[in-house]
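Below is one structure, written out as structure tokens; the observations come after it.
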């Protein structure tokens with residue numbers, strides 16, 4: 210499945226960035242390595258006026274979530290491009306964090322939203 214699409218009508222361009230799946234450092238999941246190029250493409254698309262985050266994500270790694278979120282916000286501010294988040298089935302935990310990268314969040318009344326948890330790391334002492 211493609212993670213980046215472009216919708217055009219006249220001179221208005223909307224980039225659609227799909228954020229689907231669990232967020233982990235694994236090579237085939239959502240993380241800053243697998244998403245760096247699609248994120249860059251979305252914001253560097255000629256004539257882009259908006260980037261839509263199409264989210265279906267139960268969460269995962271807080272570190273990877275933070276890196277993706279920060280990259281999206283940095284480019285949005287740098288390029289002065291509006292970001293909207295659309296949630297399909299779920300934007301829970303880190304998925305909700307990613308949705309918060311949008312200036313607005315759109316959801317279906319049946320979508321699962323939120324479910325923010327706390328991860329407490331320790332050294333085993």
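In my numbering, the protein residues as written are 210 to 334. Glycine residues also receive a C-beta, built at the ideal position from the N, C-alpha and C atoms. Note that the structure is a prediction, hence the values are computed from the model and not measured.
Measuring from the CB of residue i, is there a heavy atom of the ligand HEM at a distance below 6 Å?
{"i": "residue 265", "result": "Of the ligands one can find in the structure shown there are none, so the ligand HEM has no counterpart to examine."}
First and last residue of the beta strand (DSSP E) that includes residue i?
{"i": "residue 254", "result": "Unbroken run through residue 254: none, as it is neither H nor E."}
{"i": "residue 323", "result": "321-323"}
{"i": "residue 220", "result": "Neither: residue 220 is in no beta strand (DSSP E) and is coded neither H nor E."}
{"i": "residue 313", "result": "313-316"}
With respect to the alpha helix (DSSP H) encompassing residue i, which residues constitute its N-terminal and C-terminal limits?
{"i": "residue 285", "result": "271-288"}
Helix or strand or just coil, what does DSSP make of residue i?
{"i": "residue 233", "result": "coil"}
{"i": "residue 246", "result": "helix"}
{"i": "residue 301", "result": "strand"}
{"i": "residue 228", "result": "strand"}
How many whole angstroms separate the CB atoms of residue i and residue j, which I take to be in contact at a CB cut-off of 8 Å?
{"i": "residue 232", "j": "residue 238", "result": "7 Å"}
{"i": "residue 228", "j": "residue 283", "result": "Incorrect: roughly 16 Å between the Cβ atoms, too far for contact."}
{"i": "residue 269", "j": "residue 303", "result": "5 Å"}
{"i": "residue 246", "j": "residue 222", "result": "Their Cβ separation, rounded to whole angstroms, is 18 Å, which puts residue 246 and residue 222 out of contact at 8 Å."}
Looking at residue i: is its Cβ nearer than 7 Å to the Cβ of residue j?
{"i": "residue 264", "j": "residue 300", "result": "yes"}
{"i": "residue 285", "j": "residue 296", "result": "no"}
{"i": "residue 259", "j": "residue 291", "result": "yes"}
Query raised in the report: Looking at C-beta atoms only, is the number of pairs between the stretch 312-319 and the stretch 274-283 that lie closer than 8 Å three or more?
Result: Judged by Cβ distances under 8 Å, the stretch 312-319 makes no contact with the stretch 274-283, as fewer than three pairs qualify.
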